[in-house]
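To start, the structure itself, in structure tokens.
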Amino acid sequence: MDVYNILIKIAIYAIPIIFAITLHEAAHGYVARHFGDNTAYMLGRVTLNPAKHIDPIGTVAFPLLTVILSGYMFGWAKPVPVNERNLRDPKRDMLWVAAAGPVSNLIQMVIWALVAKLLLTFFETSGSLVADYWFSVAMAGVTVNVVFAILNLFPIPPLDGGRMVVALLPGAASYKFAQIERYGFFIVLLLVMIPAVNQAIFLPPVLALTNFTINVFGLNV
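First residue of the sequence shown: 1, per the UniProt record's numbering; consecutive thereafter.
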């Protein structure tokens with residue numbers, strides 16, 4: 001991919017990615033506070049300020065690397081700290097804390113789809129470069145949030161789906177499953193970066209939800 005196309009990708013995907021990771025992490029912190037843990041709030045992480053959630057590697061370096069190597073952007077933010085011992089009912093409440101992240105991405109997916117639909121409805125024949133740009137941003141917002149939601153729902157600790165499984169399993173099984181977390185980062189890299197694994201496991205649900213959203217909102221162009 002040449003430099004021009006890389007810059008175009010960054011210009012289109014940067015805004016949706018920043019919103020996706022910021023609201024995802026803030027949602028974790030907000031729900032944790034709701035259930036009694038003020039750790040994230042005390043550290044200033046229950047905020048919509050992206051600077052509080054940016055990870056130099058996950059939010060800057062890795063997305064740039066993936067867009068150069070594969071043509072799409074992928075990244076992550078600094079995880080919001082949650083002290084389970086402060087939650088009123090640690091196992092039950094941790095389920096909701098973990099679920100808050102993917103739910104925030106699904107809500108953003110719908111919002112971006114609505115923005116794209118409005119732009120398509122009112123500016124389809126205008127030939128406006130500004131409208132075309134924001135339509136591309138909105139469609140990227142749909143894709144980015146589908147990717148974040150689906151990925152985080154995979155049952156691999158430390159992903160949100162893995163933490164949800166830990167919360168749902170009984171004591172001994174929960175403890176054993178949680179031990180996967182030490183290998184979790186490498187499993188996620190395998191899932192995302194190796195084409196055969198990506199196309200067999202990760203890509204099908206991403207494409208299914210993306211196409212479903214496009215069809216529901218009439219975004220086929």
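Backbone N, C-alpha and C fix where the C-beta goes; we use that ideal spot for every residue, glycine too.
Straight-line gap, residue i to residue j (C-alpha atoms, nearest Å)
| i | j | result |
| --- | --- | --- |
| residue 295 | Tyr183 | For the chain, the structure presents residues 1 to 221; residue 295 sits outside this window and is missing. |
| Val115 | Phe135 | 8 Å |
| Ala20 | Leu153 | 15 Å |
| Met138 | Val206 | It is Ala, not Met, that sits at residue 138 in the sequence shown. Approximately 17 Å between the Cα atoms of the pair. |
| Trp76 | Val103 | 16 Å |
| Lys78 | Asp55 | 5 Å |
| Tyr4 | Thr66 | 16 Å |
| Val82 | Ala40 | 7 Å |
| Pro63 | Lys91 | 33 Å |
| His24 | Ile156 | 17 Å |
| Arg85 | Ala173 | 19 Å |
| Ala140 | Ile8 | 12 Å |
| Val188 | Val142 | 21 Å |
| Trp112 | Ile180 | 34 Å |
| Gly218 | Leu95 | 34 Å |
| Lys176 | Val46 | 31 Å |
| Pro170 | Leu106 | 28 Å |
| Pro204 | Val216 | 18 Å |
| Tyr133 | Asn211 | 21 Å |
| Phe202 | Val146 | 11 Å |
Residue i and residue j closer than 8 Å at C-beta
| i | j | result |
| --- | --- | --- |
| Leu48 | Ala14 | no |
| Ile150 | Leu209 | yes |
| Ala32 | Val97 | yes |
| Val144 | Pro16 | yes |
| Ala100 | His28 | yes |
| Arg88 | Gly127 | no |
Heavy atom of the ligand ATP within 7 Å of residue i beta-carbon
| i | result |
| --- | --- |
| Pro102 | Inclusion of the ligand ATP in the displayed structure is not the case, the ligand content being empty and no account of it being possible. |
Buried versus exposed call for residue i [16 or more other C-beta atoms within 10 Å across all chains shown]
| i | result |
| --- | --- |
| Phe185 | exposed |
| Gln108 | buried |
| Phe148 | buried |
| Val166 | buried |
| Thr213 | buried |
| Ala61 | exposed |
| Met164 | buried |
| Met42 | exposed |
| Thr121 | exposed |
| Pro195 | exposed |
| Lys52 | buried |
| Ala200 | exposed |
| Leu129 | exposed |
| Leu118 | exposed |
| Val80 | buried |
| Gly162 | buried |
| Asp93 | buried |
| Asp2 | exposed |
| Val221 | exposed |
Segment limits, alpha helix (DSSP H) that includes residue i
| i | result |
| --- | --- |
| Pro170 | From DSSP, Pro170 is part of no alpha helix (DSSP H); its letter is neither H nor E. |
| Gly36 | Gly36 -> no alpha helix (DSSP H), and no H or E assigned at all. |
Worksheet entry | Completely contained beta strand (DSSP E) runs for the segment 41-116, where each covers 3 or more residues | Within the segment 41-116, no complete beta strand (DSSP E) run reaches 3 residues.
Worksheet item: At what residue ranges does the segment 128-208 contain a whole run of the alpha helix (DSSP H), taking only runs of 4 or more?
Response: Entirely contained in the segment 128-208, the alpha helix (DSSP H) runs reaching 4 residues are, in chain order, 129-153, 160-168, 171-178, 181-193.
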